[in-house]
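Asker: 306 is the number of the first residue of the sequence shown in this note's numbering; add one for each residue after it.
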Amino acid sequence: QSPVCGFRTSLPKNLTMRLLKLLSQQCRLSSLRMQKMMSGNIDINKYTDELIKAGVDRDDARLEVSLFADYSANEDEFVSFIRRRISGEPMAYILGEKDFYRDTFTVREGVLIPRSDTEILVESALQFAAALSFPTGDIINLPHCSRELTEVRMADFCTGTGCVGISVYKELISAGRKVSLCLTDISDKAIDCAGENIDKLIADKDAVRIIREDVLSDITCLEAGSLFSSQRLQIRCRQAARLPVRRASDNA
306 QSPVCGFRTS LPKNLTMRLL KLLSQQCRLS SLRMQKMMSG NIDINKYTDE LIKAGVDRDD
366 ARLEVSLFAD YSANEDEFVS FIRRRISGEP MAYILGEKDF YRDTFTVREG VLIPRSDTEI
426 LVESALQFAA ALSFPTGDII NLPHCSRELT EVRMADFCTG TGCVGISVYK ELISAGRKVS
486 LCLTDISDKA IDCAGENIDK LIADKDAVRI IREDVLSDIT CLEAGSLFSS QRLQIRCRQA
546 ARLPVRRASD NA
């Protein structure tokens, strides 16, 4: 059990902190929403209905309108956000960021958006390194490394925003491990985006390097590595042709 904000909970610490973060966000957004509704600057119900008509789930639409109100500097920018969302643009590209694991990552168009489902990759890496305090679900059955990893040299291939590699790195540092991290991607946009997240989220920049390379041909980061991760997608051209057209209701 861990004391959190004056009360005790039997939930795992990492899950508890995520729930508290979400609760804090919801309270802040609800307060802001009420302020703007009372000021009469934005008709929340009108724009919520527009998103619902575009295919966004009713509860999601309310939250998205609140987020747009929070992030916009004025009503014109708010309306621009709404129009972009109705056209099918993902929320993360509009807001320029996405929550993943314990942090908020910068996201740029042309770079894969972090998904909450991918957090299991972070927990799997931490479980392998025996650095996950409260494993749950299928993670419990994953084996630990055959030797103690007090010093970890990690490579994250096809890194995108860097969310997986950076999250694992920070958790290992918190667990008292000595860690060096190498992030790779073939995309210049991804390299720039991951670089922004490194600058924002990692204190010891000397322990991290980022390389533009094709993981299928170059193996720079494989040298003396002890922990590897990758979230590369494999979609054949004929499969891509059958993918559905993105709608405003699609999850990013």
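Positions of the beta carbon are idealized from the N, C-alpha and C atoms, including for glycine.
THR423 by DSSP, collapsed to three states: which one?
Answerer: helix
Asker: Which value, in whole angstroms, describes the spacing of the CA atoms of PRO440 and PHE433?
Answerer: 11 Å
Asker: Tell me which same chain residues have a C-beta within less than 6 Å of the C-beta of SER485, skipping the five on either side of it?
Answerer: ARG458, ALA512
Asker: Does the pairing of the stretch 465-475 with the stretch 418-428 give three or more beta-carbon distances under 8 Å?
Answerer: yes
Asker: Just verifying my parser: in three-state terms, what is the DSSP assignment at THR455?
Answerer: coil
Asker: My assumption, with CB atoms under 8 Å, is that LYS403 sits in contact with ILE418. Please give the rounded CB distance.
Answerer: 6 Å
Asker: Looking at the C-beta of ARG388, does it have a partner C-beta in chain C at a distance below 8 Å?
Answerer: Among the chains of the structure shown, chain C does not appear; only one protein chain is present.
Asker: Can ILE357 and ALA374 be called in contact, C-beta distance under 8 Å?
Answerer: No, Cβ-Cβ distance for ILE357 and ALA374 is not below 8 Å.
Asker: Grouping DSSP H, G and I as helix and E and B as strand, with all else coil, what is THR488?
Answerer: The identity of residue 488 in the sequence shown is Leu, whereas the question assumes Thr. Residue state, collapsed to three classes: strand.
Asker: Are there three or more Cβ pairs, one per stretch, closer than 8 Å when the stretch 489-508 is compared with the stretch 392-411?
Answerer: yes
Asker: Ignore the nearest five residues each way along the sequence and tell me which others in ASP461's own chain have a CB closer than 6 Å to its CB.
Answerer: VAL469, GLY470, LEU488, SER534
Asker: Taking the alpha carbon of THR464 as the point to measure from, which residue in THR423, LEU437, GLU453, ALA366 has its own alpha carbon closest?
Answerer: THR423
Asker: What residue does the beta strand (DSSP E) around GLU518 start on, and which one ends it?
Answerer: Unbroken run through GLU518: none, as it is neither H nor E.
Asker: Quick check: the Cα distance between ALA436 and ARG420, rounded to an integer number of angstroms?
Answerer: 22 Å
Asker: Since I believe ALA359 is in contact with ILE391 (beta carbons under 8 Å), could you give me their beta-carbon distance rounded to a whole number of angstroms?
Answerer: 4 Å
Asker: Using three-state DSSP, classify GLU402 as helix, strand or coil.
Answerer: strand
Asker: Just to confirm, is the Cβ distance from LYS494 to ARG389 under 8 Å?
Answerer: no
Asker: What span of residues does the alpha helix (DSSP H) with THR353 cover, start to end?
Answerer: 349-358
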